[in-house]
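Step one of this worksheet: look at the structure below.
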Amino acid sequence: MKNDRLLKALRREPVDRTPVWLMRQAGRYLPEYRATRDQAGSFMDLCRNAELACEVTMQPLRRFDLDAAILFSDILTIPEAMGLGLYFTPGEGPKFEHPVQDAAAIARLGKPDAEDDLGYVMNAVRTIRRELDGRVPLIGFAGSPWTLATYMVEGGPSKDFRRIKAMAYDDPATLERLLGLLADAVTDYLNGQIAAGAQAVQIFDTWGGVLTPAGYHQFSLAYMQRIVAGLRPDPQGNRVPVILFTKGGGAWLEAIADTGCDAVGLDWTVDIGSARQRVGDRVALQGNLDPAALYADPAVIRDKVGKILADYGPGPGHIFNLGHGVTPEVNPDHVATLVDAVHELSASDHH
Ligand code: CP3
Numbered sequence: 001m002k003n004d005r006l007l008k009a010l011r012r013e014p015v016d017r018t019p020v021w022l023m024r025q026a027g028r029y030l031p032e033y034r035a036t037r038d039q040a041g042s043f044m045d046l047c048r049n050a051e052l053a054c055e056v057t058m059q060p061l062r063r064f065d066l067d068a069a070i071l072f073s074d075i076l077t078i079p080e081a082m083g084l085g086l087y088f089t090p091g092e093g094p095k096f097e098h099p100v101q102d103a104a105a106i107a108r109l110g111k112p113d114a115e116d117d118l119g120y121v122m123n124a125v126r127t128i129r130r131e132l133d134g135r136v137p138l139i140g141f142a143g144s145p146w147t148l149a150t151y152m153v154e155g156g157p158s159k160d161f162r163r164i165k166a167m168a169y170d171d172p173a174t175l176e177r178l179l180g181l182l183a184d185a186v187t188d189y190l191n192g193q194i195a196a197g198a199q200a201v202q203i204f205d206t207w208g209g210v211l212t213p214a215g216y217h218q219f220s221l222a223y224m225q226r227i228v229a230g231l232r233p234d235p236q237g238n239r240v241p242v243i244l245f246t247k248g249g250g251a252w253l254e255a256i257a258d259t260g261c262d263a264v265g266l267d268w269t270v271d272i273g274s275a276r277q278r279v280g281d282r283v284a285l286q287g288n289l290d291p292a293a294l295y296a297d298p299a300v301i302r303d304k305v306g307k308i309l310a311d312y313g314p315g316p317g318h319i320f321n322l323g324h325g326v327t328p329e330v331n332p333d334h335v336a337t338l339v340d341a342v343h344e345l346s347a348s349d350h351h
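Quick note: the sequence shown uses full-length UniProt numbering, first residue 1, plus one each step.
Here it is, written out as structure tokens:
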């Protein structure tokens, strides 16, 4: 491995510079991404084509001095493989033709097989690893069971999560059957990615933050903990670090750190210095620049990067990232400013 800053920081070992990668570093803000997606046909066609998925994974690495690649795919591949009929309507986000809204629909679901049903994702992982040739590590990922379930039960994005929340209150046993199945499916899926070459994995719990504290523990964290416990070592027998990211999870950092994960992803609503005090030396921390800071002037972006590095303070265990994904309207030059600022401003005080 030519650049192992990310893996060292995940193990809380000293590094020369703070490693940086960005959620949604590949995507619509890059004109070359839009061109490749149009060439592929649809977004899912792009995900299913290992060569083109590899191409869009590499695009941000050609422009920016990033310390990791992230598999180009989507969290909704699992429900898609379960037969829910994923489709995208422009401007409205992902939708399902067949949402699962009652016990009977949930009872009919089966667990997808990582190679037989999701082999296109494993092929993409193998293709990307070959293309990276040890330049930077490859991060694999999956959605949390709760976050996947929100899309599966609501049928698409939601503002109030009323169907799944009604199910959580009225019939928690049925919801927990779905979450248990998803936890098994995500465990197999991540183990498949690890076997295919993923060198770290992240679980995206985008909607954990809409739950009550008790609901978060019961319906989201418990299932992520099951996944962490079920992850296997890489083909060389080494532990593969796992990052848990709950958007809106700032109130529960101690509990997240206690799952056995290696790193906790922070959104932009928490102060990273206070977060570090709260989790102590149990885990590394990833984050947490406000994604909207990328709309600001480059001098301001630099300043805000410096603030987060200073708030984290000296010593190991910080992976720089945004508090959520890069948005489509962002100017790619501003991303370059961010990445270069992380490396320049973290060079002195390490780490
Ligand atoms: O980070 C990366 O560069 C890797 C690729 C990646 C995508 N989706 C590509 C994508 C990752 C890690 C994801 C995760 C994902 N997908 C999450 C969790 C992270 C988060 O953002 O909270 C969620 C909730 C999804 C579900 C999903 N898929 C949404 C909400 C959308 C956007 C729909 C829209 O029109 O805004 C997608 C589609 C999607 N996934 C796109 C990309 C680049 C855009 C599709 C396009 O090209 O039009």
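Even for Gly, the Cβ is constructed at its ideal location relative to N, Cα and C.
Near glutamine 59, which residues of its chain fall below 8 Å by C-beta distance, leaving aside the five closest residues on each side in sequence? Excluding positions up to five away in sequence, the list reads Ala26, Leu30, Glu32, Tyr33 and Thr36.
Can we count proline 94 as close to the ligand CP3, meaning its CB is less than 7 Å from some heavy atom? At least one heavy atom of the ligand CP3 sits closer than 7 Å to the Cβ of proline 94.
Alpha carbon to alpha carbon, what distance is there between glycine 180 and proline 145? Between proline 145 and glycine 180, the alpha-carbon positions lie close to 8 Å from each other.
Would you say the beta carbon of arginine 62 comes nearer than 7 Å to a heavy atom of the ligand CP3? No, the beta carbon of arginine 62 sits no closer than 7 Å to any heavy atom of the ligand CP3.
Does the Cβ of aspartate 16 lie closer than 7 Å to at least one heavy atom of the ligand CP3? Set against 7 Å, the gap from the CB of aspartate 16 to the closest heavy atom of the ligand CP3 is not smaller.
Would you say the beta carbon of isoleucine 70 is closer than 7 Å to some non-hydrogen atom of the ligand CP3? Annotation for isoleucine 70 indicates a beta carbon within 7 Å of some heavy atom of the ligand CP3.
Can you have a look at proline 173 and say buried or exposed, based on whether 16 or more other CB atoms are within 10 angstroms of its CB? Checking the sequence, you will find alanine at residue 173 rather than proline. With fewer than 16 Cβ atoms within 10 Å of its Cβ, alanine 173 is classed as exposed.
Minimum length 3: unbroken beta strand (DSSP E) runs contained in the stretch 98-169: Fully enclosed beta strand (DSSP E) runs of 3 or longer: 138-143.
Is the separation between the beta-carbon of residue 361 and that of alanine 341 shorter than 8 Å? An answer regarding residue 361 cannot be provided, because it is not within the stretch 1 to 351 covered by the chain.
Could you give the DSSP three-state label for lysine 307: helix, strand or coil? In this structure, lysine 307 counts as helix in the three-state DSSP scheme.
Taking 6 Å as the limit between beta carbons, can you name the residues of its chain near tryptophan 207, skipping five residues before and five after? Scanning its chain for C-beta atoms nearer than 6 Å, with the 5 sequence neighbours on each side dropped, one finds around tryptophan 207 the residues Thr147 and Thr150, in chain order.
Under the DSSP definition of a beta bridge, which residues are partnered with valine 201? In DSSP, valine 201 forms a bridge with Gly140 and Val242.
Contiguous alpha helix (DSSP H) assignments of at least 4 residues, all confined to the stretch 52-90: Fully enclosed alpha helix (DSSP H) runs of no fewer than 4 residues occupy 77-81 of the stretch 52-90, in order along the chain.
What is the C-beta distance between glycine 93 and proline 14, in whole angstroms, given that I count them as a contact (C-beta under 8 Å)? Here glycine 93 is actually not in contact with proline 14; their C-beta atoms are around 41 Å apart, not less than 8 Å.
Measure the beta-carbon distance from proline 298 to histidine 334 and round it to whole angstroms, keeping in mind my assumption that it falls under 8 Å. Indeed they touch by this definition, with Cβ atoms about 6 Å apart.
Taking proline 137 as the reference, which of Gln286, Gly306, Arg5 and Arg282 has the closest Cα? Nearest to proline 137 by C-alpha distance, out of Gln286, Gly306, Arg5 and Arg282, is Arg5.
Label lysine 8 either buried or exposed according to how many other C-beta atoms from any shown protein chain fall within 10 Å of its C-beta, with 16 as the threshold for buried. Lysine 8 is buried by the Cβ-count criterion.
Suppose the cutoff is 7 Å on Cβ atoms and the five residues either side in sequence are ignored; what does the same chain contact list for glutamate 80 look like? Taken in chain order, the residues that qualify are Leu86.
Give every residue of the same chain whose Cβ lies closer than 6 Å to the Cβ of glycine 260, excluding the five residues on either side of it in the sequence, and list them in chain order. Cβ neighbours of glycine 260 beyond the five flanking positions: Val228.
Beta-carbon proximity of leucine 266 to alanine 275, cut-off 8 Å: Less than 8 Å divides the Cβ of leucine 266 from the Cβ of alanine 275.
Please tell me whether tyrosine 223 and alanine 166 are closer than 8 Å, where the distance is taken between their beta carbons. Going by C-beta atoms, tyrosine 223 is not nearer than 8 Å to alanine 166.
Within the present structure, is the beta-carbon of glycine 260 separated from the nearest heavy atom of the ligand CP3 by less than 7 Å? Judged by the Cβ position, glycine 260 fails to qualify as a neighbour of the ligand CP3 at the 7 Å threshold, every heavy atom of the ligand being at least this far.
Cβ-heavy atom distance between isoleucine 75 and the ligand CP3 below 7 Å? Yes, since a heavy atom of the ligand CP3 falls inside the 7 Å radius drawn around the Cβ of isoleucine 75.
Please report the straight-line C-alpha distance between leucine 10 and serine 346, rounded to a whole angstrom. Between leucine 10 and serine 346, the C-alpha separation is close to 16 Å.
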